[in-house]
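Let me begin by presenting the structure, written as structure tokens, before commenting on it.
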Amino acid sequence: MIPLLGGNEMMNRKTLCGVLALLVLLPIFGCAAGSDPDAMLLESAEEEAPLGGEALAQRRMDLGRAWRDLLHFQATMESMVDRRDSRGVALLDGFLDEYMGRHLDGLLRPAWQSSHPEVMALDANLRFMKAELLAQMRYTRRVQDAIEDIESRFTGRESMLVEYPVGEQRALGEALTMLRERKWSS
Amino acid sequence: MTSNIGQREGRGSDRAIRRAGLEIARLCAAVCAIVGLFAAPATANQGQPAWDDYLDFAYVFSSSDAEQLKARLDGYAAEIGLPLDAYVKRTLEDREAKGGEEPENTRRRAIAQLLQYLSTREPGYLDKSVDTVEAFADKNSRHEDRYWYHYVHAHRALERGSDTDFVRHVLGLWIDVVVPLESPFETLQALSLSQSANSGFVSAMPYVFENVARLILLRSQEMGMGFGLDPLAAVVRLLADQRVGAHPEVIPVDASVRDYLERIIARLEGPESDGGSLTFTLVLFEATKAHDVSRGLLASEGLTDRTIAAIRAAGSAYGRAVDLAETPSGQAAVYTRVLRQMGEVFAAKQRLGVDPDVEIPFTIEGALQVYGMLHEARDGGWSKLGFRQSGYEAYLESMRTLWAEIQEATLNTADYYLARALEDPARSSQLTRNAARLYARYIAHFERYATADATDFVPDSAYFAAYEAARGYGDAFVAYGVASPRPAEIQLAVERYQLALRAYPFDRMLWPSLTTALERRGRANDFLAIARPIAEVVASSRHAASWIAQGGAGSETIGTFRRGLGDELVLMYMGFADASGLTELENSLEELRNSRAQLAQELDVLASRREAGKMAAPPASAAPDGSGDSAVRFGTAESQRIARELEEGGRRLSKLDKQIAARARALPLFRAVVESEELAPALRSQRDHPVHTLLRRLYHEG
Numbered sequence: 619m620i621p622l623l624g625g626n627e628m629m630n631r632k633t634l635c636g637v638l639a640l641l642v643l644l645p646i647f648g649c650a651a652g653s654d655p656d657a658m659l660l661e662s663a664e665e666e667a668p669l670g671g672e673a674l675a676q677r678r679m680d681l682g683r684a685w686r687d688l689l690h691f692q693a694t695m696e697s698m699v700d701r702r703d704s705r706g707v708a709l710l711d712g713f714l715d716e717y718m719g720r721h722l723d724g725l726l727r728p729a730w731q732s733s734h735p736e737v738m739a740l741d742a743n744l745r746f747m748k749a750e751l752l753a754q755m756r757y758t759r760r761v762q763d764a765i766e767d768i769e770s771r772f773t774g775r776e777s778m779l780v781e782y783p784v785g786e787q788r789a790l791g792e793a794l795t796m797l798r799e800r801k802w803s804s
Numbered sequence: 134m135t136s137n138i139g140q141r142e143g144r145g146s147d148r149a150i151r152r153a154g155l156e157i158a159r160l161c162a163a164v165c166a167i168v169g170l171f172a173a174p175a176t177a178n179q180g181q182p183a184w185d186d187y188l189d190f191a192y193v194f195s196s197s198d199a200e201q202l203k204a205r206l207d208g209y210a211a212e213i214g215l216p217l218d219a220y221v222k223r224t225l226e227d228r229e230a231k232g233g234e235e236p237e238n239t240r241r242r243a244i245a246q247l248l249q250y251l252s253t254r255e256p257g258y259l260d261k262s263v264d265t266v267e268a269f270a271d272k273n274s275r276h277e278d279r280y281w282y283h284y285v286h287a288h289r290a291l292e293r294g295s296d297t298d299f300v301r302h303v304l305g306l307w308i309d310v311v312v313p314l315e316s317p318f319e320t321l322q323a324l325s326l327s328q329s330a331n332s333g334f335v336s337a338m339p340y341v342f343e344n345v346a347r348l349i350l351l352r353s354q355e356m357g358m359g360f361g362l363d364p365l366a367a368v369v370r371l372l373a374d375q376r377v378g379a380h381p382e383v384i385p386v387d388a389s390v391r392d393y394l395e396r397i398i399a400r401l402e403g404p405e406s407d408g409g410s411l412t413f414t415l416v417l418f419e420a421t422k423a424h425d426v427s428r429g430l431l432a433s434e435g436l437t438d439r440t441i442a443a444i445r446a447a448g449s450a451y452g453r454a455v456d457l458a459e460t461p462s463g464q465a466a467v468y469t470r471v472l473r474q475m476g477e478v479f480a481a482k483q484r485l486g487v488d489p490d491v492e493i494p495f496t497i498e499g500a501l502q503v504y505g506m507l508h509e510a511r512d513g514g515w516s517k518l519g520f521r522q523s524g525y526e527a528y529l530e531s532m533r534t535l536w537a538e539i540q541e542a543t544l545n546t547a548d549y550y551l552a553r554a555l556e557d558p559a560r561s562s563q564l565t566r567n568a569a570r571l572y573a574r575y576i577a578h579f580e581r582y583a584t585a586d587a588t589d590f591v592p593d594s595a596y597f598a599a600y601e602a603a604r605g606y607g608d609a610f611v612a613y614g615v616a617s618p619r620p621a622e623i624q625l626a627v628e629r630y631q632l633a634l635r636a637y638p639f640d641r642m643l644w645p646s647l648t649t650a651l652e653r654r655g656r657a658n659d660f661l662a663i664a665r666p667i668a669e670v671v672a673s674s675r676h677a678a679s680w681i682a683q684g685g686a687g688s689e690t691i692g693t694f695r696r697g698l699g700d701e702l703v704l705m706y707m708g709f710a711d712a713s714g715l716t717e718l719e720n721s722l723e724e725l726r727n728s729r730a731q732l733a734q735e736l737d738v739l740a741s742r743r744e745a746g747k748m749a750a751p752p753a754s755a756a757p758d759g760s761g762d763s764a765v766r767f768g769t770a771e772s773q774r775i776a777r778e779l780e781e782g783g784r785r786l787s788k789l790d791k792q793i794a795a796r797a798r799a800l801p802l803f804r805a806v807v808e809s810e811e812l813a814p815a816l817r818s819q820r821d822h823p824v825h826t827l828l829r830r831l832y833h834e835g
């Protein structure tokens with residue numbers, strides 16, 4: 619779970635209204651409190667439980683934004699690879715590594731998300747897009763991890779439609795086959 | 134020919150500059166309004182205004198330009214009663230006295246020092262700000278602190294010319310600040326709390342987007358960062374995706390860089406992209422701005438020293454852009470613009486009658502080579518020329534646009550040489566040959582690439598331009614008086630006129646030009662043999678017939694020419710007759726009719742005499758006055774003479790009848806051609822005129 623508002627962020631203003639606002643927001647998002655182990659446990663438990671209502675809508679929004687962001691990263695990475703801009707690729711590579719580690723992986727962690735009818739398509743698309751980016755960055759091992767993750771999460775749902783490559787709809791099983799080939803051809 | 138220049142030149146440059154000026158003014162006013170709205174409540178809440186309040190909201194105004202920022206800081210200083218440098222000094226003294234300070238005070242001092250740098254552009258302040266903000270080097274620092282940490286460091290990277298550090302800090306800002314705060318910001322927005330005083334730095338997100346956009350798009354270029362920015366294309370795309378300009382309730386659209394950002398994105402992903410390179414896009418955009426400035430000066434001042442300096446600056450900027458271009462796509466984008474500038478300069482030289490030395494480090498040959506590269510990839514491989522993201526349509530558009538600029542620059546430059554040739558008889562021959570070389574180069578380009586199946590790669594207007602170039606080439610040797618043209622050159626002029634007629638048969642004056650050229654070779658008699666096939670194509674054209682049937686543009690003129698060219702006599706008139714002698718031709722028809730009437734009368738008399746001789750069995754007595762009207766005895770010598778005269782007269786009469794019939798049919802057609810509306814001026818000034826399409830079809834129909 620992404621830290622919603624750093625504790626000191628909110629307390630900065632030291633006003634009653636701020637506290638009230640925090641109280642309003644806490645139940646909605648489940649705010650992580652830095653490295654507090656209790657909070658982490660709470661966060662973990664919350665992540666395992668499917669979201670609903672506003673929180674689900676928020677998750678949809680987050681996944682949608684992440685999908686669009688990955689599209690932009692992919693377009694940029696692709697153009698730099700085409701132009702053999704190795705220095706630029708290295709810089710963006712470092713950024714994407716951090717983006718995935720600090721943001722995207724957390725967003726994709728919950729198991730319920732891959733089978734929830736309202737978000738599973740977005741969830742699957744996002745996983746394929748992440749794998750595609752990793753393939754472009756030539757992280758073969760991580761692409762394989764992503765493939766295995768998709769296989770385990772979507773077992774029995776190979777006919778589900780996903781967007782892979784971008785702009786094309788195909789069955790998840792077929793997309794996985796393409797991704798396996800892509801792993802070595804990038 | 135020379136009068137065409139003004140029509141080609143109008144490209145709305147003044148309008149673009151005026152629009153840019155208005156945009157900047159509107160932007161400044163709006164930023165001031167925002168700062169007023171935002172900063173005022175902050176101070177009002179505290180009672181006495183203080184630097185702390187203004188500095189906490191510095192993200193609102195930190196992107197202002199140096200002059201505005203200085204005025205703003207001076208205003209705040211007067212309001213607070215304490216200059217900013219005194220504030221900085223005081224915070225340092227406080228820290229000294231207390232043996233430490235709260236992180237927010239450290240942040241405020243770093244911001245204050247940054248603002249001092251931004252308002253004075255004195256790097257010493259920036260160094261101090263960097264030293265201060267190092268306190269937030271830890272990734273776990275608060276988001277607000279991390280924002281300023283990266284923002285200050287990004288400025289330092291620009292100051293030092295370090296593209297790698299600049300990219301690292303902008304990407305760092307995104308990952309440390311934007312990524313974690315976006316979701317909460319959206320939530321607060323959904324609850325209408327995003328601009329609440331209690332929402333902390335989250336509420337600054339619209340400004341963070343705006344400031345990052347300005348940092349990458351404007352500040353980097355202001356600081357001359359013309360390299361290594363490509364990884365930031367990702368951030369630019371993110372900013373354009375529902376971020377910058379998406380919060381008009383916080384930052385009015387007019388005050389946002391959204392329009393600018395959208396233009397950059399359009400170029401980054403469109404036909405003018407160098408395979409998605411942000412650096413190239415920004416450098417080309419800056420070059421375009423320099424071009425706009427020079428164009429504005431050209432329009433307002435003419436070719437003054439200032440204008441020439443501006444033209445050179447724009448040329449150098451385009452030079453930097455073409456050096457950066459790694460793909461034919463990028464090269465085509467630069468050439469397209471620089472050729473336009475070249476055409477404008479030559480047009481201005483011709484219009485103003487001056488000839489200063491204006492160096493533009495590009496040649497039309499370079500553009501022709503780039504077109505050749507693009508053309509070679511038409512059957513595959515085009516995407517590797519920098520069009521993978523922008524797509525096939527962008528590839529085609531790039532080719533057509535480059536072609537259009539090649540033709541405009543060629544025609545403008547050649548027109549300039551021909552105009553100079555008229556003004557300078559001593560150099561006339563040399564200048565005319567220069568023009569002829571330009572025309573010849575375009576014609577070679579046209580003949581190589583304008584094939585029947587090249588509709589997608591060649592603009593329709595290329596055919597009319599080919600007519601202009603071919604006619605220009607012929608005129609250079611036939612009408613402009615190149616000294617002692619060689620027979621081969623005259624022969625080439627004849628061939629060029631033929632090409633011109635094929636490309637645009639609706640120029641009445643072109644047909645006699647062909648005759649003149651043929652006469653120079655002593656081959657005037659060949660006119661019909663050469664002209665007839667061209668005329669027949671027009672007269673029997675299915676495309677022209679369909680065009681006229683559908684009432685397409687210029688149908689009247691096209692129909693008139695079609696009817697005229699279908700008649701050989703009209704064709705002869707077009708080749709040999711002068712329009713001013715049309716009345717004379719019509720008078721000659723009247724004379725023919727009179728001759729015919731007289732001859733008919735004479736033959737009637739002769740016929741009567743012969744008939745009278747047949748009626749009288751005995752030889753008739755001679756007429757009392759001895760005239761030939763008396764009856765003639767059949768079988769006499771006189772009778773035989775009359776018979777011969779009647780026979781010969783009949784033949785003459787028949788010939789006259791034919792002549793009269795032909796002229797009576799042809800002359801009205803010729804008059805209609807002479808009096809038809811000229812299409813050329815409209816085609817010259819409107820490169821998207823629908824008749825261009827018909828010209829292409831006609832050319833390939835033949």
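Protein sequence lines, in the order shown, are assigned to chains F and R. Count along the first sequence starting at 1, add 618, and that's the number in my numbering. Count along the second sequence starting at 1, add 133, and that's the number in my numbering. All C-beta atoms, glycine included, are put in the ideal place defined by N, C-alpha and C. Bear in mind that the values here come from a model prediction, so they are computed numbers and not experimental data.
For residue i versus residue j, is the C-beta distance shorter than 8 Å?
| i | j | result |
| --- | --- | --- |
| R:Lys-203 | R:Ser-252 | yes |
| R:Thr-693 | R:Ser-809 | yes |
| R:Ser-389 | R:Glu-319 | no |
| F:Asp-750 | F:Arg-686 | Note that residue 750 of chain F is Glu in the sequence shown, not Asp. It is not a contact, given that the beta carbons lie outside the stated cut-off. |
| R:Gly-408 | R:Ser-462 | yes |
| R:Pro-638 | R:Val-611 | no |
| R:Ile-384 | R:Pro-339 | yes |
| R:Trp-515 | R:Tyr-504 | no |
| R:Arg-241 | R:Asp-185 | yes |
| R:Thr-546 | R:Phe-479 | yes |
Give the single residue among the options whose Cα lies nearest to the Cα of residue i.
| i | options | result |
| --- | --- | --- |
| R:Arg-654 | R:Thr-412, R:Phe-520 and R:Ala-626 | R:Ala-626 |
| F:Arg-705 | R:Leu-348, R:Ala-323 and R:Leu-365 | R:Leu-365 |
| R:Val-300 | F:Trp-802, F:Ser-770 and F:Ala-708 | F:Ala-708 |
| R:Val-369 | R:Thr-414, R:Tyr-528, R:Glu-234 and R:Ala-815 | R:Thr-414 |
| R:Tyr-187 | R:Ala-211, R:Arg-521 and R:Asp-198 | R:Ala-211 |
| R:Tyr-468 | R:Tyr-250, R:Ala-537 and R:Gln-483 | R:Ala-537 |
| R:Gly-699 | R:Ala-664, R:Gly-684 and R:Gln-683 | R:Ala-664 |
| F:Leu-779 | F:Leu-740, F:His-721 and F:Val-761 | F:Leu-740 |
| R:Gln-502 | R:Ala-577, R:Asp-659, R:Glu-771 and R:Ala-730 | R:Ala-577 |
Along the alpha helix (DSSP H) that carries residue i, what are the first and last residues, could you check?
| i | result |
| --- | --- |
| R:Ala-219 | 217-231 |
| F:Leu-722 | From DSSP, F:Leu-722 is part of no alpha helix (DSSP H); its letter is neither H nor E. |
| R:Ala-626 | 620-636 |
| R:Gln-181 | First-last for R:Gln-181: undefined, no H or E at that position. |
| R:Arg-766 | No alpha helix (DSSP H) holds R:Arg-766; DSSP gives it neither H nor E. |
| F:Gln-731 | It is not in any alpha helix (DSSP H) - F:Gln-731 carries neither H nor E in the DSSP assignment. |
| R:Gln-375 | First-last for R:Gln-375: undefined, no H or E at that position. |
So the beta strand (DSSP E) residue i belongs to, where does it begin and stop?
| i | result |
| --- | --- |
| F:Val-761 | That residue, F:Val-761, is in no beta strand (DSSP E); its alpha helix (DSSP H) goes 758-771. |
| F:Val-780 | 779-781 |
Handout entry: contact_flag[the region 695-703 of chain F, the region 744-762 of chain F] where n(CB pairs < 8 Å) is 3 or more
Key = With a cut-off of 8 Å on Cβ pairs, the region 695-703 of chain F is in contact with the region 744-762 of chain F, counting three or more such pairs.
Problem - Chain-ordered residues of the region 516-535 of chain R with a beta carbon less than 7 Å from chain F - result: The residues in question are Arg-521 and Gln-522.
Exercise for the section: Please name the residues in the region 737-763 of chain F whose beta-carbon is closer than 7 Å to at least one beta-carbon of chain R, in chain order. Expected result: Correct list: empty, as no residue qualifies.
Problem - Three-pair Cβ contact test at 8 Å for the region 414-427 of chain R versus the region 436-452 of chain R - result: Between the region 414-427 of chain R and the region 436-452 of chain R there are three or more inter-stretch CB-CB distances shorter than 8 Å, so the stretches are counted as touching.
Practice task
Compile a chain-ordered list of the residues in the region 442-465 of chain R whose CB is closer than 7 Å to at least one CB of chain F.
Solution key: Within the region 442-465 of chain R, the qualifying residues are Glu-459.
Practice task
For the region 393-413 of chain R, enumerate the residues whose C-beta is nearer than 7 Å to any C-beta of chain F, in chain order.
Solution key: Cβ contacts with chain F: Gly-408, Gly-409 and Ser-410.
Exercise for the section: Closer than 9 Å, Cβ to Cβ, to anything on chain F: give me those residues from the region 354-382 of chain R, in chain order. Expected result: Within the region 354-382 of chain R, the qualifying residues are Gly-361, Leu-362, Asp-363, Pro-364, Leu-365, Ala-366, Ala-367, Val-368, Val-369, Arg-370, Leu-371, Ala-373, Asp-374 and Gln-375.
Problem - At least 3 beta-carbon pairs within less than 8 Å: the region 566-578 of chain R vs the region 798-814 of chain R - result: The region 566-578 of chain R and the region 798-814 of chain R do not touch, with fewer than 3 CB-CB distances between them shorter than 8 Å.
Problem - the region 311-327 of chain R: positions lying closer than 9 Å to chain F by Cβ - result: Interface annotation for the region 311-327 of chain R against chain F: Val-312, Pro-313, Leu-314, Glu-315, Ser-316, Pro-317, Glu-319, Thr-320, Leu-321, Ala-323, Leu-324 and Leu-326, criterion Cβ-Cβ distance under 9 Å.
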